[in-house]
Amino acid sequence: MLFGVTMPKLPSGRRPLSPGSRAGLGAALVLLAAVSGLELTDGEEANFVGLFAAVPFLAAVFAYWRAVLAVGGLATIAGLIFATANGSFGSVGMINVLGLVLATGIAATVATIRQRQATRIAELLRLAAVAQQAVLRPLGPKVGALAVAGRYISASAAADIGGDLYEALDTPYGVRIIIGDVRGKGLDAVRLASIVLGSYRHVAYERADLRAIVADLDRAVARSVGDEDFVTAALVEERGGTLTIVNCGHPAPLLLRRGQVIALEPPAPAPPLGFMPVAQPRVERLEPGDRLLLFTDGLGEARRDGEFFPTADRAWRLLGHGTVGDGLASLETALVDWVHGQLDDDIALVLLEYAGSDGGPAVPMPSWEVGAAGS
Numbered sequence: 000m001l002f003g004v005t006m007p008k009l010p011s012g013r014r015p016l017s018p019g020s021r022a023g024l025g026a027a028l029v030l031l032a033a034v035s036g037l038e039l040t041d042g043e044e045a046n047f048v049g050l051f052a053a054v055p056f057l058a059a060v061f062a063y064w065r066a067v068l069a070v071g072g073l074a075t076i077a078g079l080i081f082a083t084a085n086g087s088f089g090s091v092g093m094i095n096v097l098g099l100v101l102a103t104g105i106a107a108t109v110a111t112i113r114q115r116q117a118t119r120i121a122e123l124l125r126l127a128a129v130a131q132q133a134v135l136r137p138l139g140p141k142v143g144a145l146a147v148a149g150r151y152i153s154a155s156a157a158a159d160i161g162g163d164l165y166e167a168l169d170t171p172y173g174v175r176i177i178i179g180d181v182r183g184k185g186l187d188a189v190r191l192a193s194i195v196l197g198s199y200r201h202v203a204y205e206r207a208d209l210r211a212i213v214a215d216l217d218r219a220v221a222r223s224v225g226d227e228d229f230v231t232a233a234l235v236e237e238r239g240g241t242l243t244i245v246n247c248g249h250p251a252p253l254l255l256r257r258g259q260v261i262a263l264e265p266p267a268p269a270p271p272l273g274f275m276p277v278a279q280p281r282v283e284r285l286e287p288g289d290r291l292l293l294f295t296d297g298l299g300e301a302r303r304d305g306e307f308f309p310t311a312d313r314a315w316r317l318l319g320h321g322t323v324g325d326g327l328a329s330l331e332t333a334l335v336d337w338v339h340g341q342l343d344d345d346i347a348l349v350l351l352e353y354a355g356s357d358g359g360p361a362v363p364m365p366s367w368e369v370g371a372a373g374s
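Numbering (numbering that gives the first Met the number 0), first residue to last: 0 to 374.
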């Protein structure tokens, strides 16, 4: 069972042919027919029997070893027929036929090795997908007063694995969201992402101040990476309609409000986690219907023919309709179409919508808002 789907068990030794295997077998049979036709038009002399050796090797590129043996057997029989067509079977014909047998055996061995490697790679990819699923838990559809949706777009068609991360939690201090991007790729990036998320899932419930969370996460990163490794991150908090953002070297979130798109840049730049950031919070008052897009830098770097994807220009048209999940689906479709399916980096997306106060218990006011409330 994988991701809740039970895979059917096949009888031992019987496997359905994949489209690639069928294509490979078809190409091998076409080659077999072509060489046979060439021999038929050449007369009684078997001048092209050696070309039959290419048939099992062509099948071995895609098909299982049993299919390779079957196709190679057909090629050997065809070679034997043509080698004996003139009523004699000399040493040259014998060598050709033995060469076909040898070629078939070698091709079947190659097919076996290729299939074992393909199976091993597929298993590693499944394990990688499971690892990333464990790191990036599903978001939403509602967290506190926010509708939430998350999406991970992999730059690789082979595996959804990288160092982009996100999480949304309903804490005693309001809804808290993190989005981040680990420098690097592969399992090392996933490991560091899991460390950041594991620390965040703990301290987000314990720390009243986002800046204290940043300090905790910075120490966790510093303990786990080398001097040149880091994690960019943006932490977002919603308390009773007050939005607070602490940004550590991450792309600024986009606020979508009444047809406008506003980049929520930090008051001052701060370095990524791992470089002891001292970040200043940005505070905004939310209005019902506001949407907030959080994203990693793969979105900002997506381009075709040197032209970057116009995220800010298209954000409202793509993200301002339907549910937040619908908005992210539209953005992904437009993005993949823009780059013709060729992304240079993985992308994590989180879209939030503020529906207004739910009338529930009030959460503590952020410490940096106390002075403003009392004035």
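Glycine is no exception: its CB is placed at the ideal position from the N, C-alpha and C atoms.
(request) Report the three-state DSSP secondary structure of Gly305 (helix, strand or coil). (result) Correct three-state label for Gly305: coil.
(request) With a threshold of 16 other CB atoms inside 10 Å of the CB of Phe307, please say whether the residue is buried or exposed. (result) exposed
(message) Taking only three categories from DSSP, how would you classify Val109?
(response) helix
(request) Quickly, what does DSSP pair Ile346 with across the bridge? List them, please. (result) Note: Ile346 sits in a beta bridge opposite Ile152.
(message) Among the candidates Leu327, Gly104 and Leu135, whose CA atom is the shortest distance from the CA of Ala188?
(response) Leu135
(request) Could you tell me whether the Cβ atoms of Ala267 and Ile178 are closer together than 7 Å? (result) no
(request) Per DSSP, which residues does Val34 bridge with? Please list them. (result) Answer is none; Val34 lacks a bridge partner.
(message) I believe Val377 touches Ala117 by the beta-carbon criterion, under 8 Å. Please report the beta-carbon distance rounded to the nearest angstrom.
(response) There is no way to answer for residue 377, as the model of the chain reaches only from 0 to 374.
(message) By the three-class DSSP mapping on this structure, what secondary structure does Tyr199 have?
(response) helix
(message) Am I right that Leu285 and Asp217 are in contact with their C-beta atoms under 8 Å? What's the rounded C-beta distance?
(response) Not a contact, Cβ separation roughly 28 Å.
(message) Give me the DSSP bridge partner(s) of Ser282.
(response) Going by the sequence as given, residue 282 is Val instead of Ser. Bridge partners of Val282: Thr243.
(request) To the nearest angstrom, report how far apart Ala22 and Leu97 are at their CA atoms. (result) 27 Å
(message) Could you compute how far the alpha carbon of Pro276 sits from the alpha carbon of Ser193?
(response) 20 Å
(message) Do Gly78 and Val48 count as a contact pair if the criterion is CB distance below 7 Å?
(response) yes
(request) List the DSSP bridge partners of Ile178. (result) BP columns for Ile178 point to Tyr165 and Ala233.
(message) For Tyr353 and Leu334, what's the separation of their Cα atoms in angstroms?
(response) 25 Å
(request) Please go through the same chain and pick out, in chain order, the residues whose beta-carbon is closer than 6 Å to the beta-carbon of Val323, but skip the five residues on each side of it. (result) These residues qualify, in order along the chain: Ala146, Ala148, Leu350 and Glu352.
(request) Note down, in chain order, each residue of its chain lying with its Cβ closer than 6 Å to the Cβ of Ile397, except the 5 sequence neighbours on either side. (result) Examination of residue 397 is not possible in this model, given that the chain is present from 0 through 374 alone.
(request) Could you have a look at Ala371 and say whether DSSP puts it in helix, strand or coil? (result) Legend: pLDDT at Ala371 = 42, less than 50; position of this residue unreliable, no value from coordinates given.
(request) Pick out whichever of Ala221, Pro171 and Gly319 has its Cα sitting closest to the Cα of Asp289. (result) Gly319
(request) Going by DSSP, name the residue or residues bridged to Arg290. (result) Leu255 and Glu352
(request) Return helix, strand or coil for Val29, following the three-state DSSP convention. (result) helix
(message) Going by C-alpha to C-alpha distance, which of Ala311, Val29, Gly143 and Pro270 sits closest to Ile261?
(response) Ala311
(message) Within the continuous alpha helix (DSSP H) that includes Leu327, where are the two ends?
(response) Val323 to Trp337
(message) As a quick exercise: from Arg125, Asp208, Arg303 and Ile120, pick the residue whose alpha carbon is nearest that of Tyr172.
(response) Asp208
(request) Note the first and the last residue of the continuous alpha helix (DSSP H) segment covering Asp215. (result) Taken as a continuous stretch (DSSP letters only), the alpha helix (DSSP H) holding Asp215 covers Leu209 to Ser223.
(request) Enumerate in chain order the residues of its own chain whose CB-to-CB distance from Ala219 is below 7 Å, with the five nearest sequence positions on each side excluded. (result) Closer than 7 Å at Cβ, skipping near neighbours: Ile194, Val195 and Ser198.
(message) Which residue wins for smallest C-alpha separation from Ile112, given the options Ile80, Gly89 and Val67?
(response) Val67
(request) Report the three-state DSSP secondary structure of Thr295 (helix, strand or coil). (result) coil
(request) Jot down the residue ranges of each uninterrupted alpha helix (DSSP H) in the segment 50-77, minimum 4 residues, whole runs only, in chain order. (result) 53-59
(message) Measuring only the C-alpha atoms, how far is Pro270 from Phe61?
(response) 49 Å
(message) Output needed for Glu38: all residues of its chain with C-beta closer than 6 Å, excluding positions within five of it in sequence on either side, in chain order.
(response) Phe47 and Phe81
(message) Between the alpha carbons of Leu1 and Ile120, how many angstroms are there, rounded?
(response) Bear in mind that the predicted position of Leu1 carries a pLDDT of just 33, short of 50, making it too unreliable to give a figure here.
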